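Participant:
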Amino acid sequence: MKHRIATAALLSTVTLGLLSGPAAAQKGSGYVMVTFLSGIDYWKDAYRGMQAAGKELGVSTTYTGSVNYELNDNIATLEQVIARKPAGILLTVMNADALRPTIDKAIKAGIPVVTFDADSPKSNRYAFLGTGNERAGAEAARYLCSKVSSGEVAISSVPAQQNHVERRTGFTNYLKANCPNLKIVATTDDKTDSSVAAREMASVLQAHPNIKGIFATDAAGGVGVAQAVKEARMNGKIKIVSFDYDEGTLDNIDKGVIDATVAQGTWQMGYWGLKMLDSVAKNRIASVSNWRTASISPLPPVIDTGVSVITKANSKFWRK
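In terms of the working numbering, the sequence shown opens at residue 453 and continues consecutively.
#1: Does the Cβ-Cβ distance between Met502 and Asn526 come in under 8 Å?
#2: Nearest-angstrom Cα distance between Pro661 and Met686?
#3: What are the partner residues of Ser694, as DSSP defines its beta bridges?
#4: To the nearest angstrom, report how far apart Glu531 and Ala629 are at their CA atoms.
#5: Within 10 Å of its beta-carbon, does Gln658 have 16 or more other beta-carbons around it, so buried, or fewer, so exposed?
#6: Here's a check: name, in chain order, each residue in its chain whose Cβ is nearer than 8 Å to the Cβ of Gly482, leaving out the five neighbours to either side.
#7: Let me know if Gln478 comes out buried or exposed under the rule of 16 or more other beta-carbons within 10 Å of its beta-carbon.
#8: Do you know how far the Cα of Gly676 is from the Cα of Glu699?
#9: In whole angstroms, what separates the C-alpha of Gly584 from that of Ile636?
#10: Between the Cα of Ile710 and those of Leu726, Gly506, Trp724 and Val693, spot the shortest distance and give me the residue it belongs to.
#11: Could you tell me the alpha carbon to alpha carbon distance between Glu604 and Ala528, rounded to whole angstroms?
#12: Measure the Cβ-Cβ separation of Thr669 and Arg620 and say whether it is below 8 Å.
#13: Pick out whichever of Tyr697, Pro752, Tyr595 and Ser598 has its Cα sitting closest to the Cα of Thr567.
#14: Could you give the first and the last residue of the continuous alpha helix (DSSP H) run that contains Thr718?
#15: Under the three-state reduction of DSSP, which class applies to Ala612: helix, strand or coil?
#16: Between the stretch 570-584 and the stretch 634-653, do three or more beta carbon pairs fall short of 8 Å?
#17: Skipping 5 residues on each side, what residues in its chain have a beta carbon closer than 6 Å to that of Val600?
#18: Measure the beta-carbon distance from Trp719 to Arg552 and round it to whole angstroms, keeping in mind my assumption that it falls under 8 Å.
#19: Based on Cα-Cα distance, which residue from Thr701, Ser647, Tyr595 and Ala671 lies nearest to Gly622?
#20: So, with DSSP's three-state summary, where would you put Glu522?
#21: Would you kindly report the start and end of the unbroken alpha helix (DSSP H) that includes Val656?
#22: Grab the span of the alpha helix (DSSP H) containing Asp571 for me, first residue to last.
#23: Whose CA, out of Ala548, Gly562, Asp645 and Thr554, lies closest to the CA of Asp571?
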């Protein structure tokens, strides 16, 4: 939990209750962002985007989430938000199938839901904003291939989470097609916890001392992998490509331990997510008459918010 504690809370102290943004949403008004692992740095940029859109629109925004990586807490938090009857919910999904009934419950109650970062595509959510994760995984592989042409590779990931599955798929497929001499020999479960990532990768490095490259599919994993590589005194010998970023990631990039990270458009997710919610909530757009009755969302079902590659050459622009 070291990484989670170090990154603290998004605003002050994160609980399962609602936290106020610039203006606290009263019952029946305002828009809410709901996440899991709510204290990690990753969500800050998304909520900044939501706040920026809220200021433009003159609406209140609120942030909340389950503190831990626990599915039942994620569902319970969403249930609590629905009970407050907000104007709309911007939601990231821990498990697509498990969250589906609760998302549909919100829609049935007349509360628009837009998902971001991680989706529940079979639910009745109106739209999803996120990264084309297979393409992003391929971008990570492309960068690694440009730095090392042959040898063993390890992956630090969250095996059961869909967006991580897609990142690994894109990464693996790119290596097979373009860098056949790079072989994946191990995949660990970092549970989005840097201390777990460090411990698991330390074991991999002992079992596979000839590893030349590592791909971490989340920021906490990247920081943990960097720690394991430093403790093994192999920094500079192993190329690390991470995913997403926080201060720990940027520090490791500047020190040359992490070579690059693939950064998602999280600010865009928050900004455009709220714009879409507000348009639906206030009936500003309608592709067909009575679109709710017809179950035809006026919003594009999927929006790819893109990625950028952060290296030592441009890391200063990502500092907040």
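Think of the CB as a built atom: it goes at the ideal place given N, C-alpha and C, for glycine as much as any other residue.
This structure is a prediction, so every number in the text was calculated from the model and none was measured.
Facilitator: Quick look at the numbers:
#1: When the beta-carbon positions are compared, Met502 and Asn526 stay at least 8 Å from each other.
#2: Their backbone Cα atoms lie some 10 Å apart in a straight line.
#3: Looking at the DSSP assignment, Ser694 forms a beta bridge with Thr713.
#4: Their Cα atoms are separated by approximately 44 Å.
#5: Exposed, because fewer than 16 other Cβ atoms sit within 10 Å of the Cβ of Gln658.
#6: Taken in chain order, the residues that qualify are Ala475, Ala476, Val511, Ser512, Thr513, Thr514, Pro538 and Ala539.
#7: Note on Gln478: pLDDT 39, under 50, position unreliable in the model; the coordinate value appears next. Classification for Gln478: exposed.
#8: For Glu699 and Gly676, the gap between their C-alpha atoms comes out near 13 Å.
#9: Annotation: Gly584 to Ile636 spans about 22 Å, alpha carbon to alpha carbon.
#10: Distances from the alpha-carbon of Ile710 to those of Leu726, Gly506, Trp724 and Val693 put Val693 closest.
#11: Whole-angstrom Cα-Cα distance: 42 Å.
#12: The Cβ atoms of Thr669 and Arg620 sit closer than 8 Å to each other.
#13: Thr567 has its Cα closest to that of Pro752, out of Tyr697, Pro752, Tyr595 and Ser598.
#14: Per DSSP, the unbroken alpha helix (DSSP H) holding Thr718 starts and ends at Thr718 to Ala733.
#15: Here Ala612 sits in coil by DSSP.
#16: No: the two stretches stay apart, fewer than three of their Cβ pairs being nearer than 8 Å.
#17: Taken in chain order, the residues that qualify are Lys664, Gly665 and Lys691.
#18: The Cβ separation is near 27 Å, so there is no contact.
#19: Nearest option by C-alpha distance: Tyr595.
#20: Glu522: coil per DSSP, three-state reduction.
#21: Per DSSP, Val656 belongs to the alpha helix (DSSP H) from Ser646 to Ala659.
#22: Following the DSSP letters along the chain, one finds Asp571 in no alpha helix (DSSP H), marked with neither H nor E.
#23: In terms of CA proximity to Asp571, Ala548 leads the group Ala548, Gly562, Asp645 and Thr554.
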